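Sequences listed follow chains A and B, in order. The first sequence begins at 1 in UniProt numbering and counts up one residue at a time. The second sequence begins at 1 in UniProt numbering and counts up one residue at a time.
2 protein chains.
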Amino acid sequence: MGWDEIANSVCPIARSLAVLGDRWTMLLIREFFLGTRRFDALQAQTGMSSHLLASRLKRLERAGIVERRQYQARPPRYEYRLTPKGLDLHGVVLALRAWGMRWSGLDPADEPAVALIHKTCGSAISDLSFHHDCGQVLLPQDILTTFGDAFSAERIARSTHTAKDAADAP
Amino acid sequence: MGWDEIANSVCPIARSLAVLGDRWTMLLIREFFLGTRRFDALQAQTGMSSHLLASRLKRLERAGIVERRQYQARPPRYEYRLTPKGLDLHGVVLALRAWGMRWSGLDPADEPAVALIHKTCGSAISDLSFHHDCGQVLLPQDILTTFGDAFSAERIARSTHTAKDAADAP
DNA sequence: TATTGTAACTTCAAAAATTAAAGTCAATGC
DNA sequence: GCATTGACTTTAATTTTTGAAGTTACAATA
Numbered sequence: 001m002g003w004d005e006i007a008n009s010v011c012p013i014a015r016s017l018a019v020l021g022d023r024w025t026m027l028l029i030r031e032f033f034l035g036t037r038r039f040d041a042l043q044a045q046t047g048m049s050s051h052l053l054a055s056r057l058k059r060l061e062r063a064g065i066v067e068r069r070q071y072q073a074r075p076p077r078y079e080y081r082l083t084p085k086g087l088d089l090h091g092v093v094l095a096l097r098a099w100g101m102r103w104s105g106l107d108p109a110d111e112p113a114v115a116l117i118h119k120t121c122g123s124a125i126s127d128l129s130f131h132h133d134c135g136q137v138l139l140p141q142d143i144l145t146t147f148g149d150a151f152s153a154e155r156i157a158r159s160t161h162t163a164k165d166a167a168d169a170p
Numbered sequence: 001m002g003w004d005e006i007a008n009s010v011c012p013i014a015r016s017l018a019v020l021g022d023r024w025t026m027l028l029i030r031e032f033f034l035g036t037r038r039f040d041a042l043q044a045q046t047g048m049s050s051h052l053l054a055s056r057l058k059r060l061e062r063a064g065i066v067e068r069r070q071y072q073a074r075p076p077r078y079e080y081r082l083t084p085k086g087l088d089l090h091g092v093v094l095a096l097r098a099w100g101m102r103w104s105g106l107d108p109a110d111e112p113a114v115a116l117i118h119k120t121c122g123s124a125i126s127d128l129s130f131h132h133d134c135g136q137v138l139l140p141q142d143i144l145t146t147f148g149d150a151f152s153a154e155r156i157a158r159s160t161h162t163a164k165d166a167a168d169a170p
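See below:
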C-alpha cells in the first residue's frame, strides 16, 4: 500500500525511486557532486532542515550511497561522501541537468550555473546523448518495449486489487 | 525557505527537481513511458491515491509535461499523455533504470521487468552510456566542474543566511 | 578563566502533505 | 431499472516536514 512496497517491485526504476524519489534526496546528491561534504554546508546549500538532512543522510548511508567518516578527532567531526554506488548516479544527475537546461526556462545565452568541461577533449558539455552498446544514439522511437513475466504478473495483480477487493468481499 | 524557491535557482537540476522531485512524479512518468494513459490505470499501477494522482497530473499539465485530452464524448472521458517536453524525459528514465539494474539488488540473471530492444540493431538494451558531442563516453573523472557567477552568488548567499540572520539581528 | 564560536547533530511543537475511504456525476450495458 | 465504468472530488485521520531552539565537545578569543 505504501511507498515501501515499490522498493520490492521488479522494476528497477521503482526500486531506484524508493530511495532517491523524494523532495530532497536528488538535490542532496547533486550537492555531493559539487564537492560539498559537511553537514552544515549541505544544509545551507540544499535549504533542507537539519532534521530532514540528518534522516536522509542516514537513509543514504544505509542504502550504501553515502559514507560517513570522521575527518578529525577532538572535537569529533564527520563528513559525508559518495561511495562508488553513489558516484554511479552521475548519469542520472547529467540527465536531469540536460533536461533542465532544455526545458526549465533558463536562457541558453546565459552563463550556465555550472560549467562542465570534458577534460579529454577540452570543450564544454552543454548536452549529452545516450548510447546503446551498438554505438548508436538511443532514441525513444527506436526502442521496443516488452514486459517480462514477473512484471506482468505484478501489474495484473495491481490492476485487479481495487476491483477484486470489492468482488472478494463476502 | 520552502521547496518552491529551488524552482528559481539558476541550477537546472534544482529546477528540474522542483517539478519532478517528489515521491510519485517520476514513477508516474515511468508509467506514461509504459503506455498507460487512463486515470484509473495510472492509479492502479503506481499505487498512488486518486487525490494525489489528480493533483500531480494537474501540476504536470501546468508544467507542460503532460496533456489532458478527451478521447470520447458521452460519457466524457479523458486521457493523459506526454508532450514533447515529457517525452524528452526519456534520458532521465533510462538513467534511473540503468542505475537501478546495477545497484538495487535485482538478480542480473533474472528476466528484466521490461525488455528494451533497440529496433535499429535488434539487440537488447541492458545498459547505456552517456556520450559527449566529441563522441567519447562521459566519465565522472573526466569532467571539470566550474561554478558560474550567478550560481556562485546564489551559493554564497545561502551559506551566509544562517550566520547572517543572527549577526544582522539588532 | 570566562565567554563565544563551530560543527554535527537532536528535540519538540506547529504546519503541511499524504493516505484511505467514501462520494459524485454522466452515461452505458444488462 | 440497476449495477458498472471512468474520472475525478471531498473529508477526516495519519504521516511528514518545517522551524526554532537545544545539546555536545571541544577551540579560540578576551
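Glycine included, every Cβ here is placed at the ideal spot set by N, Cα and C. The model shown is predicted, which means the values in this text are computed figures rather than measured ones.
Just grab the DSSP bridge partners of ILE117 (chain B) for me.
A:LEU144 and B:ALA124, per the DSSP bridge assignment.
Does DSSP put LEU57 (chain B) in a helix, in a strand, or in coil?
Helix.
To which residues of the same chain is HIS132 (chain A) closer than 6 Å at the C-beta, ignoring the five residues directly before and after it?
Excluding sequence neighbours, HIS132 (chain A) sits near LEU138.
Taking only the alpha-carbon atoms, compute the straight-line gap between PHE39 (chain A) and LEU20 (chain A) and give it to the nearest angstrom.
Looking at the two C-alpha atoms, the distance is approximately 19 Å.
What are the residues of the segment 103 to 118 of chain A that lie near chain B, defined by any Cβ-Cβ distance shorter than 8 Å?
So the close ones are TRP103, SER104, GLY105, LEU106, ASP110, GLU111, PRO112, ALA113, VAL114, ALA115, LEU116, ILE117 and HIS118.
Could you run through the segment 135 to 158 of chain A and flag, in chain order, every residue whose CB is less than 7 Å away from some CB of chain B?
Those would be GLN136, LEU138, PRO140, ASP142, ILE143, LEU144, THR145, THR146, PHE147, GLY148, ASP149, ALA150, PHE151, ARG155 and ARG158, in chain order.
Pull up the distance between the alpha-carbon of THR145 (chain B) and that of TRP103 (chain A), whole angstroms please.
Rounded to the nearest angstrom, the two C-alpha atoms are 22 Å apart.
Would the beta-carbon of GLY86 (chain B) fall within 8 Å of that of ILE29 (chain B)?
Taking 8 Å as the Cβ cut-off, GLY86 (chain B) and ILE29 (chain B) qualify as a contacting pair.
Going by DSSP, what residue range makes up the alpha helix (DSSP H) through GLN45 (chain B)?
Taken as a continuous stretch (DSSP letters only), the alpha helix (DSSP H) holding GLN45 (chain B) covers 39 to 46.
Measure from the alpha carbon of ASP88 (chain A) to the alpha carbon of each residue in A:ASP107, A:GLY64 and A:TYR78, then state which is nearest.
Comparing Cα-Cα distances from ASP88 (chain A) to each of A:ASP107, A:GLY64 and A:TYR78, the minimum goes to A:GLY64.
Grab me the residues of GLU79 (chain A)'s own chain with a C-beta within less than 7 Å of its C-beta, minus the 5 sequence neighbours each way, in chain order.
Around GLU79 (chain A): ARG37, ARG38, ARG69 and TYR71.
Under 8 Å between C-beta atoms, does LYS58 (chain B) make it to chain A?
Not closer than 8 Å to any Cβ of chain A, the Cβ of LYS58 (chain B) fails to qualify, so no.
Does SER123 (chain A) have its Cβ less than 8 Å from a Cβ in chain B?
So, interface residue.
Please work out which residues of its chain come closer than 7 Å, Cβ to Cβ, to LEU116 (chain A), disregarding the five sequence neighbours upstream and downstream, and give them in chain order.
Cβ within range, chain order: ALA124 and ILE125.
Tell me which residue opens and which closes the alpha helix (DSSP H) that HIS131 (chain A) is part of.
From DSSP, HIS131 (chain A) is part of no alpha helix (DSSP H) but of the beta strand (DSSP E) over 129 to 131.
For PHE32 (chain B) and ARG74 (chain A), what's the separation of their Cα atoms in angstroms?
PHE32 (chain B) and ARG74 (chain A): Cα-Cα distance of roughly 53 Å.
Cβ closer than 9 Å: which chain A residues qualify as neighbours of ALA41 (chain B)?
Going along chain A in sequence order, the residues near ALA41 (chain B) (Cβ under 9 Å) are SER159.
So, helix, strand or coil for ARG81 (chain A), using DSSP?
DSSP places ARG81 (chain A) in strand when its eight states are reduced to three.
For the beta strand (DSSP E) holding GLU111 (chain B), just list the boundary residues, first then last.
Element bounds for GLU111 (chain B): n/a, residue is neither H nor E.
Going by other Cβ atoms of all chains shown within 10 Å of its Cβ, with 16 needed for buried, is GLU111 (chain A) buried or exposed?
So GLU111 (chain A) counts as exposed.
Ends of the beta strand (DSSP E) at GLU67 (chain B)?
66 to 72 is the extent of the beta strand (DSSP E) around GLU67 (chain B).
Anything in the segment 4 to 28 of chain A with a Cβ closer than 9 Å to a Cβ of chain B? List those residues in chain order, please.
Listed by position, the residues of the segment 4 to 28 of chain A near chain B (Cβ gap below 9 Å) are GLU5, ILE6, ALA7, SER9, VAL10, CYS11, PRO12, ILE13, ALA14, ARG15, SER16, LEU17, ALA18, VAL19, LEU20, GLY21, ASP22, ARG23, TRP24, THR25, MET26 and LEU27.
Can you list, in chain order, the residues of its chain whose CB lies under 7 Å from that of PHE151 (chain A), leaving out five sequence neighbours each side?
These residues qualify, in order along the chain: VAL10 and CYS11.
In the DSSP assignment, what are the bridge partners of VAL93 (chain A)?
According to DSSP, VAL93 (chain A) bridges with nothing at all.
Could you compute how far the alpha carbon of GLU67 (chain B) sits from the alpha carbon of PRO76 (chain A)?
So the alpha carbons of these two residues sit roughly 53 Å apart.
Is the shortest distance between the beta-carbon of ILE32 (chain B) and the beta-carbons of chain A less than 8 Å?
It should be pointed out that residue 32 (chain B) corresponds to Phe in this sequence rather than to Ile. No - not a single Cβ of chain A is within 8 Å of the one on PHE32 (chain B).
On the DSSP bridge list, what partners appear for MET137 (chain B)?
The question names Met, but residue 137 (chain B) is Val in the sequence shown. According to DSSP, VAL137 (chain B) bridges with B:HIS131.
Tell me whether SER16 (chain B) is buried or exposed, calling it buried when 16 or more other Cβ atoms sit within 10 Å of its Cβ.
SER16 (chain B) should be labelled buried.
How far does the alpha helix (DSSP H) with THR25 (chain B) in it extend, from its first residue to its last?
Counting along the chain, the alpha helix (DSSP H) containing THR25 (chain B) begins and ends at 25 to 33.
Please confirm if LYS164 (chain B) has its CB atom under 8 Å from at least one CB of chain A.
Residue placement at LYS164 (chain B) is poorly supported in this model, since its pLDDT is 36, which falls under 50; the coordinates still yield a value, given next. LYS164 (chain B) does not count as touching chain A.
Quick one: which chain A residues come within Cβ less than 7 Å of ALA98 (chain B)?
By Cβ distance, chain A contributes GLY91.
Using a cut-off of 7 Å between C-beta atoms, extract the partners of THR120 (chain B) located in chain A.
Near THR120 (chain B) (Cβ distances below 7 Å), the residues of chain A are GLN136 and ASP142.
Consider the Cβ of HIS51 (chain A): report whether some Cβ of chain B lies at a distance smaller than 8 Å.
Judged by the 8 Å Cβ criterion, HIS51 (chain A) is not in contact with chain B.
Helix, strand or coil for PRO76 (chain A) per DSSP?
PRO76 (chain A) falls in the coil class under three-state DSSP.
I think GLY91 (chain B) touches ALA95 (chain A), with their Cβ atoms under 8 Å apart; what is that distance to the nearest whole Å?
Indeed, because the Cβ distance is near 4 Å, the residues count as touching under 8 Å.
So the candidates are A:ASP4, A:GLY2, A:GLU5 and A:LEU27; which of them puts its Cα closest to the Cα of ILE13 (chain B)?
Residue A:LEU27 is the option with its Cα nearest to ILE13 (chain B).
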